[in-house]
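Colleague: Provided herewith is a single structure, encoded as structure tokens, for subsequent inquiry.
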Amino acid sequence: MGASFGRGAATGFQQDLANADCIVIEGSNMAECHPVGFQWVMEAKARGATVIHIDPRFTRTSAVADQHVPIRSGSDIAFLGGLINYVLQGGHDFREYVVAYTNASVLVSDDFQDTEDLDGLFSGYDPDKRSYDTKTWQLAHRRPPAGSPAGAEKASAGYQHGSGGASPGFDGDYEMDPTLEDPRCVYQVLKRHFARYTPEMVERTCGIPEDQFRKVAEALVANSGPERTSAFVYSVGWTHHTVGVQYIRTASILQLLLGNMGRPGGGIMALRGHASIQGSTDIPTLYNLLPGYLTMPTAGRDNNLRAYIDDQIGQAGFWGHLDAYIVSLLKAYWGDAATPENDFGFDWLPAVNGDHSTYQSVLGMIDGTVKGYFIVGENPATGTANGKLQRMGLANLDWLVVRDFNEIESAAFWHDSPEIESGELRTEDIGTEVFLMPAAAHTEKDGSFTNTQRLLQWHNKAVEPEGDTRSDLWFYFHLGRIIRDKLAASTDPRDIPVRNVTWDYPTEGQWDDPSAEAVLREINGFSLIDDPDSSHGGGKVPVSSYTELKADGSTSSGCWIYAGVYADGVNQANRRKPGSEQSWVAPEWGWAWPSNRRILYNRASARPDGTPWSERKKYVWWDEDAGKWTGLDVPDFVATMRPDHPGDPDGPPEQRLPGTAPFIMQQDGLGWLYAPNGLTDGPLPTHYEPHESPVANPLYGVQSSPLRQVFDRKWNWSNPPVNAGYPYVFCTYRLTEHHTAGGMSRGLPYLSELQPEFFCEVSPELAAERNLVHGEYATIITARSAIEARVMVTDRVTPLRLGDRTVHQIGLPYHWGWRGLATGDAANDLLPGVLDSNVHIPEQKVASCDIMPGRRPRGPALVKLVEDHYSKAMDGHPPAHSTDW
Amino acid sequence: MTIIDRGSDGTDLTLQGIGTPRYDREQRVGFFTDTSICIGCKACEVACKEWNDVPADGLNFLARSYDNTGHLSADTWRHVAFVEQPTTDPESARSGVRWLMSSDVCKHCTSAACLEVCPTGALFRTEFETVVVQQDICNGCGYCVSACPFGVIDQRKGDGRVWKCTLCYDRLRGGQTPACAQACPTQSIQFGPLEQLRERAAARIEALHDQGVDDAQLYGDDPGDGVGGFGAFFLLLDKPEVYGLPPDPVSTTRDLRTMFNAATAAAFGLLGIAAATLLGQRRG
């Protein structure tokens, strides 16, 4: 979504789903995985909305939807592409919106060649490097970009701005055709690109009968336009694919064409996997991001602050103030030690010199290059694709810190993992020193959660943690304090960043917990110029918005998009005004980034002239008398910019955009139907088969995403595609009763008894084909492992007809592991580590497998079974490089 | 009398999960479980056990859809049933299957046989007209177990006493909503004064019928039924039998008086015949 709209976050809020006239839930099992937010879907349904659930299985979400459409796992781009084709061929797009607010009218470079021309590849593909040179993807400039350091070649950096949209790449001065008839304009390029995504092709690719497809298309079109809006809801069912980012791009294109972005009851609701995952990307745990979606400096390129800023700064829109954001961050990190003379300590930041994502780190452990590891709030030994690979990595560390409530599998692998049982590991051979640190629960600490809709909600400590359990803040603060004490006398230059970091949080309570509010204040940021008259007693005054941040070192902010959460010296995240005492938007409940906006890009809820599209869907509009934007929400726009503002090329960055450009984080202020920058694997989404698929790509000669990251090596071999040894599709997912990999639920009797055992869901037809007996056991096998599960034969899983063949799918909830009360094999052990090229997320939602009745063998026989099955599938050939497939 | 929170525009906030239902002491309260919006999350089961300290009752994989609880018992006071059936409705685009979910609970009958047969007075009717077991009085005789027409009340193994839903009597006395209704994310379980719930249910069933959900029906809302109406009634999407509920429950004590009278009459009749026979013999 970053590449399409400018910010990689849910565009609305769950309560607003109640205003939708149609809700399409796809890649999400919202009723089971987000039951509390689902009440607003039920509310919409009660008000007459059509609820459509598109999912491989009939789930508890499907049970209450108006329509359930079974789909083959991994074929969503074909389905959504079909919807785009339906909209474009039928002229159902919201034309006034599309012309004004998207880049439909912009002309694409003559040199661009589409997947139509190259049988599944875009122009610029380098088969040796397995990457694209994106020069030919660029838009047609009227004149060459004038002296800007921003150039097309940088676009290959790919998707890093979760909030910031695409990397800057052009200056906004390009050729356009508002009639949308020029064959080179984005609209026509789009039309040609998706022309082959016909209803028949959707049926052959996804297994969705034409009448069901048409029913969805008609509902969406009928419920979009000035008077009506439709919303999309997705979750990890879309992100966990080798083309996950492009799934979301496809939905973004569709929602832009239908004019549903920035409007009440519209948008794309990205449901995050668990509590504060949004927060952990805003203030990231990712190796290549700094807080607020600033990119981590690249070694050899960003040699000083100036080079970094020149490299990243936007030519127009709010990324044009990136210099203020990064300098304020450096001031928050290093306080008085950060001065203009020393580049505000820019040199003290680490610089990225390669891919250090999770999988690379795990492979590094196996190879002995990664020596230590922290696992906090995760259980990769069962919760991440290819559990064996994870466990083999953990077993080859020098030290490992695990912070959790229990001795989870990731802490216990050295004495009771499946590899100990199979004889592949022996406890006495494992050198990893494990530090298991008991963690406090959220009830035992102050802090905030940033939920799925960018909303920060504060929680207060109810009781002190008992025994040795401590909060995460306590752990990191005191760890940092002790390290700093040890380095106090160091003269080694590499210790300067740690010695200079501001680490002066006040502590409180029985255990000397650092004040969580002090941390929030630091994140919010301050004006550092003393103001003796201020109500805060002089000194540092909290900033109230990111627009107050400065590039001269006179402000600090630990995360610029959170600036305002402590406006007026008040913890805005702790606001709890009841819904009954404010409007339905509830702006005084908690605080949402940015600037407490609840629907992003809400300028688009008004016509170009600033009046609402309709009375029914009015939200934010231009008030001529007051000379500003007003409405139900904080306008996501320069508040006083007139709708007829022409765009001032010499003004400050945000003034360079016209008053009709709602996507204020984008260089051109437009929603990107076509993304010339920001994506590694194509400016438009294209259906590629999953890495492991029993189906040959019906659309193109290229089978799978050419850019997907594969690691062909021991313990991570791939099932060959379209192979009789692995004829079935499986999909992993969650149940309401358990929490992700089970670390928080499998130890609790009340939850464990509700879903005590690992099971697999199969159709009666597959059960008959493989002699599976309901309630008995089955063994599921891939090139990585074989696991056993109780058999649940159910009509909720449907064999899919793809033209003249049938595809069977198997459902596997992934909550189990070998520890706790409710134990069972881990579904993630079956998966390969294969990643999306943009965000390095593994393909955890689809792979191929075989299934047979009965329990799996124990001990070394298990390894032999897996190897023999693989060898047979490969017809005796040695493991091949899966990129050749 | 204001019994619900209303927003400034008059909307019923309790329906939106915002307001706190208000009720008076000595006013009959209960549950309206609207299964048409149940998503089978089982939050009610867990919240009930947490609040009432009901023991866990074992890790049993039942292979009955997503139901691993089975039925209401001494250790399960809310039970979510999962009814998975193929459907032949050609209009249904639901993969030829339907999945009904329903959270079952003690019905708190108007005419409660369990209470009526209890010899110790352990079962009593509260000021909210709910039916509650007093654990310090129950002697574990088990008469109530066979008396309940729904199989709700049950003896706890290793304890002997009977246990069931109290409609969170302790929470009611503190002015709180029962735990299950409080935890329900979709307002499928609604709590409040019974009369108000019946009005709400009537409106809801009408709305569903208007939407073409013809099989939707209320279960236990009629004071004229065999148990005098439920204090905890339901909106079902099919016949009660589909959910494993008795279609026409009758209090097992309802006919006791007529049965007793008939038996007495029969006894007197038999005595009369015997006496006549004896007299006849003497005469003979």
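Residue numbers (our numbering), protein chains in the order written: chain S, 58 to 942; chain A, 152 to 435.
Backbone N, C-alpha and C fix where the C-beta goes; we use that ideal spot for every residue, glycine too.
1. Please list, in chain order, the residues of the segment 839-858 of chain S that have any C-beta partner in chain A closer than 7 Å.
2. Since isoleucine 656/S and proline 240/S are thought to touch, with beta carbons under 8 Å apart, how far apart are those beta carbons, to the nearest angstrom?
3. Check each candidate in Gln236/A, Gln285/A, Gly221/A, Gln333/A and name the one with the smallest Cα separation from arginine 322/A.
4. Is the segment 374-388 of chain S touching the segment 65-78 of chain S, taking contact as three or more C-beta pairs under 8 Å?
5. Return yes when the C-beta of glycine 209/A is under 7 Å from any heavy atom of the ligand PLP, and no when it is not.
6. Report the neighbours of valine 93/S on chain A: residues whose CB is nearer than 8 Å to its CB, in chain order.
7. Which of the three DSSP states, helix, strand or coil, is assigned to phenylalanine 816/S?
8. Strictly under 8 Å for the Cβ-Cβ distance: is arginine 913/S near chain A by that measure?
9. Could you give the distance in angstroms between the alpha-carbon of serine 61/S and the alpha-carbon of valine 830/S?
10. Using Cβ-Cβ distances below 8 Å, what residues of the segment 793-816 of chain S are close to chain A?
11. Say whether chain S places a C-beta atom closer than 8 Å to the C-beta of lysine 193/A.
12. Measuring CB to CB, does leucine 887/S end up less than 8 Å from arginine 841/S?
13. Compute the distance between the beta-carbons of aspartate 455/S and tyrosine 304/S, then report whether it is under 8 Å.
14. For arginine 791/S, I'd like the list of residues in its chain whose CB is within less than 8 Å of its CB, leaving aside the five on either flank, ordered along the chain.
15. Could you confirm whether any beta carbon from chain A is found closer than 8 Å to the beta carbon of glycine 177/S?
16. Have a look at glutamate 210/S and leucine 251/A and give me their C-alpha separation to the nearest angstrom.
17. Who are the Cβ neighbours of valine 427/S in its own chain at under 6 Å, not counting the five residues just before and after it?
18. Any chance you could list the alpha helix (DSSP H) runs of at least 4 consecutive residues sitting entirely within the segment 450-501 of chain S, in chain order?
19. Should the segment 620-628 of chain S be regarded as contacting the segment 389-396 of chain S, the criterion being three or more beta carbon pairs within less than 8 Å?
20. For the alpha helix (DSSP H) holding methionine 849/S, just list the boundary residues, first then last.
21. List, in chain order, every chain S residue whose beta-carbon is nearer than 8 Å to that of aspartate 208/A.
22. Which residue or residues does DSSP assign as beta-bridge partners of arginine 229/A?
23. With a threshold of 16 other CB atoms inside 10 Å of the CB of asparagine 127/S, please say whether the residue is buried or exposed.
24. Got a sec: is the Cβ-Cβ distance from glutamate 267/A to anything in chain S below 8 Å?
25. Excluding the five sequence neighbours on either side, which residues of its own chain have a C-beta within less than 6 Å of the C-beta of alanine 395/S, listed in chain order?
26. Of the residues Asp852/S, Pro889/S, Pro910/S, which one's Cα is nearest the Cα of asparagine 828/S?
27. What is the C-beta distance between methionine 258/S and glycine 349/S, in whole angstroms, given that I count them as a contact (C-beta under 8 Å)?
28. Between the segment 204-233 of chain A and chain S, which residues of the former have CB atoms less than 8 Å from a CB of the latter, in chain order?
29. Between which residues of its own chain and leucine 878/S is the CB-CB distance below 7 Å, once the five residues before and five after are set aside?
30. Reducing DSSP to helix, strand and coil, say where alanine 387/A ends up.
31. Taking the CB atoms as reference points, tell me whether glycine 319/S and asparagine 659/S lie closer together than 8 Å.
32. Hey, glutamate 232/S and leucine 178/S are a contact pair by Cβ (cut 8 Å); roughly how many whole angstroms apart?
33. Please decide whether tryptophan 314/A counts as near chain S, where near means a Cβ-Cβ distance under 8 Å.
34. Please go through the same chain and pick out, in chain order, the residues whose beta-carbon is closer than 8 Å to the beta-carbon of leucine 544/S, but skip the five residues on each side of it.
35. Along chain S, which residues have their Cβ under 8 Å away from the Cβ of glutamate 201/A?
36. State buried or exposed for asparagine 290/A, treating a residue as buried only when at least 16 other CB atoms are found within 10 Å of its CB.
Modeller: By the coordinates alone:
1. Arg847, Met849, Thr851, Asp852, Arg853, Thr855
2. Start at 1 with the first residue of the first sequence, and residue 656/S comes out as number 599. Start at 1 with the first residue of the first sequence, and residue 240/S comes out as number 183. Going by Cβ atoms, the distance from isoleucine 656/S to proline 240/S rounds to 35 Å, so no, they are not a contact pair.
3. Your numbering for residue 322/A matches position 171 in the second sequence. That would be Gln333/A, whose Cα lies nearest to the Cα of arginine 322/A.
4. no
5. Within the structure as shown, the ligand PLP is missing, as the structure has no ligands at all.
6. If you number the first sequence from 1, residue 93/S lands on position 36. Ordered by position in chain A, the residues that pass the 8 Å Cβ test against valine 93/S are Pro336.
7. Translated into the one-based positions of the first sequence, residue 816/S becomes position 759. Phenylalanine 816/S falls in the strand class under three-state DSSP.
8. Counted from its first residue, the first sequence places residue 913/S at position 856. Not closer than 8 Å to any Cβ of chain A, the Cβ of arginine 913/S fails to qualify, so no.
9. Working through the first sequence from its first residue, we reach residue 61/S at position 4. Working through the first sequence from its first residue, we reach residue 830/S at position 773. When rounded, the distance between both Cα atoms is 47 Å.
10. Thr793, Glu794, Pro806, Tyr807, Leu808, Ser809, Glu810, Leu811, Gln812, Pro813, Glu814, Phe816
11. The residue you call residue 193/A lines up with position 42 of the second sequence. With 8 Å as the cut-off, lysine 193/A counts as an interface residue toward chain S.
12. On the first sequence, position 830 is the one that residue 887/S refers to. On the first sequence, position 784 is the one that residue 841/S refers to. Yes; because the gap between Cβ atoms is below 8 Å, this pair is in contact.
13. The count along the first sequence starts at 1 and reaches residue 455/S at position 398. The count along the first sequence starts at 1 and reaches residue 304/S at position 247. Taking 8 Å as the Cβ cut-off, aspartate 455/S and tyrosine 304/S do not qualify as a contacting pair.
14. Position 734 of the first sequence, counted from the first residue, corresponds to residue 791/S. Closer than 8 Å at Cβ, skipping near neighbours: Asn86, Glu89, Cys90, Thr797, Pro870, Tyr871, His872.
15. Walking along the first sequence from the start, residue 177/S turns up at place 120. Chain A, which has no Cβ nearer than 8 Å to the Cβ of glycine 177/S, makes this no.
16. For this step, residue 210/S is matched to residue 153 along the first sequence. For this step, residue 251/A is matched to residue 100 along the second sequence. Any answer about glutamate 210/S is weak, because its pLDDT of 35 lies below 50 and its placement is not dependable; what the coordinates show is given next. Approximately 56 Å, taken between the alpha carbons.
17. Reading the first sequence from its first residue, position 370 is the one you call residue 427/S. Result list for valine 427/S: Ser418, Gly421, in chain order.
18. 466-473, 475-479
19. no
20. Numbered from its first residue, the first sequence carries residue 849/S at position 792. No alpha helix (DSSP H) contains methionine 849/S, which is instead part of the beta strand (DSSP E) from 843-850.
21. As a working mapping, residue 208/A is identified with position 57 in the second sequence. What aspartate 208/A touches in chain S: Glu810.
22. For the purposes of this step, residue 229/A is taken as the residue at position 78 of the second sequence. Answer is Val256/A.
23. Taking the first sequence and counting its residues from 1, the one referred to as residue 127/S is at position 70. It is proline, not asparagine, that sits at residue 127/S in the sequence shown. Under this definition proline 127/S is a buried residue.
24. Mapped onto the second sequence, residue 267/A falls at position 116. No, because no Cβ of chain S sits closer than 8 Å to the Cβ of glutamate 267/A.
25. Taking the first residue of the first sequence as position 1, residue 395/S is located at position 338. So the list reads Leu387, Lys388, Phe401, Gly402, once near-sequence residues are dropped.
26. Against the first sequence, residue 828/S aligns to sequence position 771. Checking every option, the nearest Cα to that of asparagine 828/S belongs to Pro910/S.
27. Walking along the first sequence from the start, residue 258/S turns up at place 201. Walking along the first sequence from the start, residue 349/S turns up at place 292. About 41 Å; that fails the 8 Å criterion.
28. Ala207, Asp208, Gly209, Leu210, Asn211, Phe212, Ala214, Ser216, Tyr217, Asn219, Thr220
29. Position 821 of the first sequence, counted from the start, is the residue given in the question as residue 878/S. Around leucine 878/S: Arg803, Gly804, Pro806, Ser809.
30. As a working note, residue 387/A is residue 236 in the second sequence. It should be pointed out that residue 387/A corresponds to leucine in this sequence rather than to alanine. Of the three classes helix, strand and coil, the one that applies to leucine 387/A here is strand, per DSSP.
31. Against the first sequence, residue 319/S aligns to sequence position 262. Against the first sequence, residue 659/S aligns to sequence position 602. Yes; because the gap between Cβ atoms is below 8 Å, this pair is in contact.
32. Along the first sequence, one-based indexing puts residue 232/S at 175. Along the first sequence, one-based indexing puts residue 178/S at 121. Not a contact, Cβ separation roughly 25 Å.
33. Here residue 314/A refers to the residue found at position 163 of the second sequence. It does not: the Cβ of tryptophan 314/A has no partner Cβ on chain S nearer than 8 Å.
34. If you number the first sequence from 1, residue 544/S lands on position 487. Closer than 8 Å at Cβ, skipping near neighbours: Asp552, Val555, Arg556.
35. As a first step, residue 201/A must be located in the second sequence, where it is residue number 50. The contacting residues are Tyr807.
36. Numbered from its first residue, the second sequence carries residue 290/A at position 139. Exposed is the call here.
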